[in-house]
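Participant: Got a structure here, written out as structure tokens. Questions coming.
Protein chains: 6
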Amino acid sequence: MFHHTKKLQFEAKPEQPDPVYARKLQELIGGAWGEMTVTMQYLFQGWNCRMEGKYKDLIMDIATEEIGHVEMLATMVARLLEGAPATETTRAVQDPVMAAVMGGMDPQQAIVGGGGALPNDSQGVPWNGRYVIASGNLLADFRANVAAEAQGRLQTARLYNMTDDPGVKEMLKFNLARDTYHQNMWLAAIEQLKADGIEGTLAPNALFDEEHREHATSLWNLSEGNDSAQGRWAQGTGPDGDHEMGIVENPEPLGGPAAGPPPDPKLFATYDGSEQPRDPRLSGAKGMVGKLKEGMS
Amino acid sequence: MFHHTKKLQFEAKPEQPDPVYARKLQELIGGAWGEMTVTMQYLFQGWNCRMEGKYKDLIMDIATEEIGHVEMLATMVARLLEGAPATETTRAVQDPVMAAVMGGMDPQQAIVGGGGALPNDSQGVPWNGRYVIASGNLLADFRANVAAEAQGRLQTARLYNMTDDPGVKEMLKFNLARDTYHQNMWLAAIEQLKADGIEGTLAPNALFDEEHREHATSLWNLSEGNDSAQGRWAQGTGPDGDHEMGIVENPEPLGGPAAGPPPDPKLFATYDGSEQPRDPRLSGAKGMVGKLKEGMS
Amino acid sequence: MFHHTKKLQFEAKPEQPDPVYARKLQELIGGAWGEMTVTMQYLFQGWNCRMEGKYKDLIMDIATEEIGHVEMLATMVARLLEGAPATETTRAVQDPVMAAVMGGMDPQQAIVGGGGALPNDSQGVPWNGRYVIASGNLLADFRANVAAEAQGRLQTARLYNMTDDPGVKEMLKFNLARDTYHQNMWLAAIEQLKADGIEGTLAPNALFDEEHREHATSLWNLSEGNDSAQGRWAQGTGPDGDHEMGIVENPEPLGGPAAGPPPDPKLFATYDGSEQPRDPRLSGAKGMVGKLKEGMS
Amino acid sequence: MFHHTKKLQFEAKPEQPDPVYARKLQELIGGAWGEMTVTMQYLFQGWNCRMEGKYKDLIMDIATEEIGHVEMLATMVARLLEGAPATETTRAVQDPVMAAVMGGMDPQQAIVGGGGALPNDSQGVPWNGRYVIASGNLLADFRANVAAEAQGRLQTARLYNMTDDPGVKEMLKFNLARDTYHQNMWLAAIEQLKADGIEGTLAPNALFDEEHREHATSLWNLSEGNDSAQGRWAQGTGPDGDHEMGIVENPEPLGGPAAGPPPDPKLFATYDGSEQPRDPRLSGAKGMVGKLKEGMS
Amino acid sequence: MFHHTKKLQFEAKPEQPDPVYARKLQELIGGAWGEMTVTMQYLFQGWNCRMEGKYKDLIMDIATEEIGHVEMLATMVARLLEGAPATETTRAVQDPVMAAVMGGMDPQQAIVGGGGALPNDSQGVPWNGRYVIASGNLLADFRANVAAEAQGRLQTARLYNMTDDPGVKEMLKFNLARDTYHQNMWLAAIEQLKADGIEGTLAPNALFDEEHREHATSLWNLSEGNDSAQGRWAQGTGPDGDHEMGIVENPEPLGGPAAGPPPDPKLFATYDGSEQPRDPRLSGAKGMVGKLKEGMS
Amino acid sequence: MFHHTKKLQFEAKPEQPDPVYARKLQELIGGAWGEMTVTMQYLFQGWNCRMEGKYKDLIMDIATEEIGHVEMLATMVARLLEGAPATETTRAVQDPVMAAVMGGMDPQQAIVGGGGALPNDSQGVPWNGRYVIASGNLLADFRANVAAEAQGRLQTARLYNMTDDPGVKEMLKFNLARDTYHQNMWLAAIEQLKADGIEGTLAPNALFDEEHREHATSLWNLSEGNDSAQGRWAQGTGPDGDHEMGIVENPEPLGGPAAGPPPDPKLFATYDGSEQPRDPRLSGAKGMVGKLKEGMS
């Protein structure tokens with residue numbers, strides 16, 4: 001269960017309105033790597049975490065913080081839109097810079113949102129749940145979290161360079177700092193998982209004996225040129241301390257032809273009948289079902 | 001430019017058809033972390049890479065390999081669907097296990113694909129371009145690549161446990177191995193970026209002086225309980241070797257009220273007029289435009 | 001079955017072209033609350049209505065009208081795009097206002113639609129079927145219809161303030177009037193459902209005895225401050241004439257910890273084994289299936 | 001800013017696992033009318049509300065409650081999936097009821113979520129931001145909120161009839177009750193808006209003089225049969241107390257032909273040249289730009 | 001403007017309910033090639049058609065027919081769902097075939113639609129506006145229409161083979177016939193466009209002199225093996241009667257390296273500085289703007 | 001399996017940057033008819049093709065070429081963005097043409113892509129897998145391929161008219177030529193299918209005896225006016241050489257009322273009980289299941 005306080009985690013007051021920038025900030029709200037993503041990602045990771053204790057508590061701490069980040073950004077967007085020429089007509093605007101501002105605005109912030117933020121990115125595409133990763137495997141998910149905070153800090157840094165407004169920059173300095181901490185934090189959490197003996201370097205920590213180990217050690221040189229042979233990834237032992245790393249300079253396919261089986265005639269795939277069905281039991285409906293069931297039992 | 005050979009990178013032959021499993025394999029083709037994602041992600045990263053040399057060559061090597069992985073999986077799906085009871089009628093099927101198989105199948109593999117794979121995930125949702133990350137910042141992107149390979153290996157491992165078919169398992173052993181190598185490889189590439197002095201631990205390697213350093217060091221304890229104080233992330237120096245890490249046990253909001261400005265009357269947001277517009281210039285359309293332009297010039 | 005007449009329900013002739021406005025009008029065509037939504041929403045409601053008679057006839061009357069509204073708007077968009085500088089090159093345009101117009105246009109109206117309307121909203125996002133609600137419960141659906149007409153009239157009113165063109169305004173005056181009638185009409189239809197004794201105030205008119213009545217009467221004060229205690233919703237009897245309404249000033253959680261069960265080891269969720277599976281039957285695959293089947297039979 | 005307590009708002013413990021039902025419950029989490037929708041809808045409405053005081057406080061109270069509802073449902077889903085046959089192979093399952101259960105499960109809850117809930121609906125489609133309405137106009141938005149709670153209670157009631165599990169039913173009895181209160185509450189809030197003189201019956205409370213009043217009063221009988229003439233909506237005064245209501249029995253189109261203008265030749269729309277461009281200024285690129293600019297200035 | 005008659009274009013009465021088939025039929029309603037697509041595609045093509053006369057009349061005839069096809073299918077779905085075990089609990093169902101039926105049903109048809117059709121495809125993915133093509137070029141669009149009717153008839157034929165119900169088959173025999181006529185019709189319309197001298201064989205009928213004619217005549221053999229040299233497409237004159245057709249057996253790239261320019265340092269793309277910006281004017285922000293403006297003016 | 005060469009299929013060097021045009025070019029990358037679509041469409045068609053030989057080889061030749069087309073366009077976009085004013089602030093820009101350029105740019109190319117191309121269309125909507133058609137029926141798919149190349153060439157031709165840059169035009173001249181060849185090629189492939197006796201004129205080549213032949217021959221005149229009677233589609237024999245073609249001038253519905261069955265009371269559809277369930281067995285849950293099972297067995 002959650003509680004809300006009316007105050008913002010950090011101040012979000014621009015000195016001046018800037019409706020073009022208000023559109024760009026939507027990327028940090030509803031973009032693939034925006035605050036809605038980390039909010040929902042951490043919430044679902046926390047709810048799906050199967051161990052009570054420090055990991056779950058950590059995830060829920062950050063998840064709860066992120067809801068407040070959406071709040072800060074939504075408030076900033078509303079303030080940047082104050083006095084926006086949203087209802088000026090194209091015809092009335094003689095001033096060319098003003099005309100340009102109108103062209104660069106997000107029309108939905110006015111038509112749909114009445115001058116407020118929307119759960120969209122900077123191109124107006126709505127946020128969606130496929131941005132969320134919550135697999136239950138904490139190593140795999142913390143890797144995704146590091147990536148999310150890295151992309152988030154990168155986009156914030158780019159947006160920091162797109163404004164001169166001291167108030168906006170002040171808020172972004174806070175956001176940048178939190179993204180710095182959160183990157184460090186998820187990296188530390190990965191170290192902690194290893195220190196606790198719960199996870200290793202690679203996810204999942206399983207099936208290393210089952211997999212074809214001989215194919216777990218080399219780069220396939222499938223793009224011409226061999227510059228890639230010069231990297232750390234093509235020599236020595238991998239970061240997991242277990243697998244050798246090398247390169248296959250002239251890789252050949254290991255499999256056979258990429259051919260599909262003869263089609264089911266009732267589905268009308270184009271077929272010349274040149275190949276016989278590989279199994280006589282497949283030649284009729286009864287047979288198809290028979291073979292399938294045999295496979296199953 | 002690309003070339004194609006007719007043979008598969010690795011063999012993809014099931015011993016028996018299994019249409020229910022053919023649906024599940026769609027997750028590895030068109031899911032958020034499937035092979036279409038890594039194909040397109042690495043292609044766009046390679047095309048957007050601004051440095052000729054070993055990094056770009058590496059990325060293009062792997063990108064080119066991944067197209068072939070979609071090919072392997074698509075071929076496997078077609079073979080698993082051989083003899084599927086796709087055109088049996090519900091009414092005709094008296095056998096309860098067969099009826100259950102039909103319920104668990106992906107109806108579009110028959111109706112839309114004619115017995116073949118589709119660019120969808122296991123729930124039929126189409127793959128989309130927002131799954132791709134190619135930011136131009138190699139550290140941030142390699143973090144995303146490690147995450148992608150970790151989630152990919154995790155899902156492959158789960159699917160490995162959902163079949164008994166020796167042919168399917170044989171292919172998945174190859175896929176698992178490649179995901180092992182690729183995780184190691186992207187981790188090594190992150191080490192290489194640091195060794196080359198191009199990137200650091202956190203992305204982007206910039207604005208550390210500008211950001212509010214005092215907020216870059218602590219966990220905010222916003223979920224009740226203090227279990228999270230026990231982790232590596234709340235003590236010592238961060239993995240970047242630069243920032244201290246601690247915890248704010250009872251965090252208070254640093255900002256003011258989350259209040260929006262008075263609305264533009266022409267947008268018909270509900271308003272009681274209790275607050276005066278903060279700036280008299282905002283009370284009319286002329287004034288709004290005036291203030292905005294002043295902010296701009 | 002449907003018939004079409006070549007004439008528009010109402011005239012749709014702008015005095016002048018205005019390609020920037022043509023983009024904004026897309027919101028009324030393919031936006032979440034645009035005419036495509038009400039068209040499809042009312043069609044599906046009508047087709048799914050299980051009672052012949054006045055309700056079904058009403059829904060089909062309005063559904064059929066709405067197809068014609070999409071037609072009016074699509075025609076208007078094509079006319080607003082007449083003479084648009086869609087094929088001028090950026091380089092050739094020296095006039096700054098013209099340049100701004102080009103920046104504010106929807107590039108797909110030219111590249112994809114050849115100078116015509118598209119089934120998209122004003123940000124280019126395609127209309128989709130999840131905007132439609134047709135639940136079979138007429139009260140719940142008429143509530144959604146009132147909301148749709150209210151949002152539709154609101155967006156139309158905003159767009160009315162964004163143009164000076166007498167021809168466009170003339171058409172919008174018709175649209176506003178129809179939205180006025182349709183709001184009144186769906187509100188009247190809700191009254192009629194009650195008068196006919198088919199539905200009540202709340203949907204669905206069922207399970208009031210089964211639900212926990214003690215939790216059907218109060219606001220939980222989960223956001224700091226108690227301003228919300230001053231409203232009609234926190235005192236007296238509810239609009240349904242049956243439930244008292246109050247407030248829980250300091251709400252406490254009623255449930256236990258939000259903890260998940262121990263994970264299935266074959267799915268590789270991170271787990272430290274600190275909690276024993278709560279039921280010994282869950283410790284192996286056989287046991288899992290056993291418990292599940294027992295639950296089922 | 002938000003805080004989190006580790007306990008659930010209400011208990012969420014099933015007596016038995018039921019993975020098929022776990023899939024259906026996804027509709028209440030990530031469906032168009034699920035708890036993610038009301039969470040985000042109320043959050044954005046609250047953040048975009050321009051009046052401090054009882055309305056904003058009310059909206060934030062409910063928004064904060066709804067986050068906890070997602071939490072309850074996600075926890076319930078994880079518990080319903082305990083012991084699910086997610087990693088059984090099709091081949092191994094001889095029991096037909098178990099096979100049917102496997103066919104009815106959501107494969108992504110295992111492959112993607114590791115046995116947990118996902119931000120999707122019951123068909124696996126991800127939640128998206130276009131489900132949210134936050135227009136700034138409180139009457140229009142409260143209408144949408146009544147609709148959301150009505151659809152939510154309706155879907156909950158249907159799901160209540162799809163389970164026999166006393167633990168699940170216990171939680172749903174709480175959810176039903178909250179939806180009852182929330183419907184009453186938003187209806188009361190609409191009454192309050194009128195009592196406060198801020199809004200009327202129809203949204204927005206504006207442009208009634210500008211719109212074509214003669215078209216704001218009648219049903220157009222566009223679907224054959226005149227059953228619809230019998231309803232409350234075709235007689236007397238509308239619920240707004242202002243507009244008469246009637247019917248146009250044999251409606252004729254009021255507009256002219258739905259014809260588009262001659263196309264821009266550089267966009268290659270098919271054209272026979274039979275119609276001359278209506279304005280000589282449109283015959284060349286210069287002319288097109290000229291006319292457009294004239295319209296603008 | 002449109003009118004509606006209460007009767008169906010053709011009868012849609014199944015002999016027996018079949019809820020599993022009701023799910024499959026959704027593909028013909030809201031699938032990429034379902035009736036909603038052709039409805040909206042033809043409506044937008046008609047509204048965007050710039051020539052009054054036989055083509056526009058034809059398109060609107062068919063568009064209007066297709067709305068009625070959605071109506072037939074939606075009615076059929078509701079009837080197939082009569083008596084569906086939508087509200088039976090998993091636990092109560094002991095009969096394995098019934099359990100399998102429940103697994104194969106679309107849960108949203110009950111939970112969301114109350115036992116009716118939805119604007120979705122057979123996997124529950126909502127229909128969307130990007131399925132529509134209405135480019136204004138009639139040849140290009142009629143090609144798309146032939147494709148749509150071919151895919152539509154193909155899917156209908158597959159579904160015809162998935163049922164034994166005489167009533168369902170009766171309706172599908174009508175649908176198949178209409179798809180036969182519509183394929184023939186759009187093919188005839190392409191012939192008519194040529195006969196009228198409005199369009200040719202290839203779209204658009206322009207820029208044949210500007211394009212690099214030497215690259216308009218040959219297949220590039222980029223997939224190993226030369227089977228493709230045996231086809232009609234690699235010899236003689238093309239169907240347009242104008243271009244020779246051949247094959248490039250060992251194609252070599254014609255362009256230079258796929259290298260991007262040095263990045264903007266303020267966007268933090270990873271860069272080693274090894275390449276100098278190609279133009280000194282690009283080394284600073286001023287210079288960048290300068291170069292861009294020069295390009296523009 | 002695939003290989004990559006570092007060189008582009010054709011050169012892609014603009015003379016000058018043009019960030020507004022860089023946005024428009026996204027349509028050719030990630031639009032519904034862009035190069036990502038034909039890449040994935042042909043790959044899936046090739047992988048799903050059931051006949052080894054010239055058709056499969058052809059499809060894979062073209063599929064492999066198309067990957068290289070995405071590469072050319074992505075490279076062009078990066079070069080057009082060189083020196084783009086992506087990090088200029090709105091405030092700093094006094095030059096109105098520069099301001100207009102900024103308004104017309106795609107903000108995500110900077111914020112998300114760091115100055116590179118994205119897998120989106122020109123409105124920022126991500127590419128998705130529903131654009132792909134690969135049905136297994138080669139005639140139906142080749143029809144879709146002709147349509148794709150026609151729309152692709154049409155959009156390319158429009159974009160050709162939107163730039164003056166000789167370098168961009170040079171690349172587009174190559175693209176136009178390839179689209180010319182590919183249209184001819186797929187048309188020739190359709191001829192080849194017929195010449196080989198594998199497919200006919202209409203798809204699928206089946207069920208012509210089963211379908212209602214009397215409805216396979218006429219246009220239904222459902223839009224007022226009889227201009228459509230003048231076309232080739234309303235007289236003589238169809239292009240398939242088999243079906244007569246005519247017109248039904250005053251079409252009447254052939255079916256009965258579009259009425260749904262009485263609803264399942266447990267789903268709470270609104271119902272007045274006026275119609276008795278048509279079958280007494282439907283009055284209770286047992287009965288419903290009974291009827292359904294009877295239908296099935």
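Residue numbers (full-length UniProt numbering), protein chains in the order written: chain A, 1 to 297; chain B, 1 to 297; chain C, 1 to 297; chain D, 1 to 297; chain E, 1 to 297; chain F, 1 to 297.
Heads up, the beta-carbon is just placed ideally off N, CA and C, and yes, glycines get one too.
(1) Does DSSP put K56(E) in a helix, a strand or coil?
(2) Is the Cβ-Cβ distance between V20(E) and G103(B) less than 8 Å?
(3) Could you give the C-beta distance for A189(B) and G116(F), rounded to a whole number, given that I count them as a contact under 8 Å?
(4) Which chain E residues are close to K266(F), counting only those with a beta carbon under 7 Å from its beta carbon?
(5) For T237(F), list the residues DSSP reports as bridge partners.
(6) Using a C-beta to C-beta distance shorter than 9 Å, which residues of chain G count as neighbours of G103(E)?
(7) With 16 as the cutoff for other CB atoms within 10 Å, does D18(F) come out buried or exposed?
(8) What residues are listed by DSSP as bridge partners for H3(C)?
(9) Please go through the same chain and pick out, in chain order, the residues whose beta-carbon is closer than 6 Å to the beta-carbon of N48(B), but skip the five residues on each side of it.
(10) Alpha carbon to alpha carbon, how far is L43(E) from W127(C)? Give it in angstroms, no decimals.
(11) DSSP beta-bridge partners for N128(D)?
(12) List the endpoints of the continuous alpha helix (DSSP H) containing L43(A).
(13) If you measure from the CB of M98(E), is any heavy atom of the ligand GDP nearer than 7 Å?
(14) Across the segment 236-247 of chain B and the segment 180-196 of chain A, are there enough close Cβ pairs to call them in contact, namely three or more that are closer than 8 Å?
(15) For a contact meaning CB atoms closer than 9 Å, what does P96(C) contact in chain D?
(16) Applying a beta-carbon distance threshold of less than 7 Å, which residues of chain B neighbour H4(F)?
(17) In chain order, what residues of the same chain lie with their CB nearer than 8 Å to the CB of G200(A), ignoring the 5 residues before and after it?
(18) Where do the ends of the beta strand (DSSP E) carrying L219(E) lie?
(19) Taking Cβ to Cβ, would you say D57(E) is nearer than 8 Å to D227(F)?
(20) Can you list the residues of chain C that W127(E) reaches, using a CB-CB cut of under 8 Å?
(21) Tell me N137(B)'s beta-bridge partners as DSSP assigns them.
(22) Relative to the C-alpha of R153(A), which residue among A147(B), R143(B) and L154(B) is closest?
Facilitator: Walking through what the data contain:
(1) Here residue 56(E) refers to the residue found at position 56 when the fifth sequence is read from its first residue. If DSSP states are grouped into helix, strand and coil, K56(E) belongs with the helices.
(2) As a position in the fifth sequence, residue 20(E) is number 20, starting the count at 1. As a position in the second sequence, residue 103(B) is number 103, starting the count at 1. Result yes, Cβ atoms of V20(E) and G103(B) sit closer than 8 Å.
(3) Indexing the second sequence from 1 puts residue 189(B) at position 189. Indexing the sixth sequence from 1 puts residue 116(F) at position 116. With a Cβ gap of about 19 Å, A189(B) and G116(F) do not count as contacting.
(4) Numbered from its first residue, the sixth sequence carries residue 266(F) at position 266. Ordered by position in chain E, the residues that pass the 7 Å Cβ test against K266(F) are T87.
(5) Here residue 237(F) corresponds to residue number 237 of the sixth sequence, with the count starting at 1. T237(F) pairs with E244(F).
(6) Within the model displayed, chain G is absent; protein chains A, B, C, D, E and F are what it includes.
(7) The residue given as residue 18(F) occupies position 18 in the sixth sequence. D18(F) is buried by the Cβ-count criterion.
(8) Counted from its first residue, the third sequence places residue 3(C) at position 3. Partner(s): H3(E).
(9) The sequence position of residue 48(B) within the second sequence is 48, counting from 1. For N48(B), where only same-chain residues beyond five positions count, the Cβ hits under 6 Å are A134 and G136.
(10) Within the third sequence, numbered from 1, the residue matching residue 127(C) stands at position 127. Within the fifth sequence, numbered from 1, the residue matching residue 43(E) stands at position 43. In a straight line, the C-alpha of W127(C) is about 15 Å away from that of L43(E).
(11) Indexing the fourth sequence from 1 puts residue 128(D) at position 128. Beta-bridge pairing links N128(D) to N128(A).
(12) Along the first sequence, read from residue 1 onward, the residue named residue 43(A) stands at position 43. L43(A) -> alpha helix (DSSP H) spans E35 to N48.
(13) In terms of ligand content, the structure shown is empty, and the ligand GDP therefore cannot be addressed.
(14) yes
(15) Walking along the third sequence from the start, residue 96(C) turns up at place 96. Neighbours of P96(C) on chain D: none; closest Cβ ~11 Å, over 9 Å.
(16) As a working mapping, residue 4(F) is identified with position 4 in the sixth sequence. Here the neighbours are F2, M60 and T64.
(17) Taking the first sequence and counting its residues from 1, the one referred to as residue 200(A) is at position 200. Result list for G200(A): L139, K194 and D240, in chain order.
(18) The residue labelled residue 219(E) in the question sits at position 219 within the fifth sequence. Taken as a continuous stretch (DSSP letters only), the beta strand (DSSP E) holding L219(E) covers S218 to W220.
(19) Indexing the fifth sequence from 1 puts residue 57(E) at position 57. Indexing the sixth sequence from 1 puts residue 227(F) at position 227. Closer than 8 Å, so yes.
(20) Counting from 1 along the fifth sequence, the entry for residue 127(E) is found at position 127. Result: N128 and G129.
(21) Residue mapping note: residue 137(B) aligns to position 137 of the second sequence, counting from 1. N137(B) pairs with nothing; no bridge assigned.
(22) Taking the first residue of the first sequence as 1, we reach residue 153(A) at position 153. When only C-alpha atoms are compared, the closest one is R143(B).
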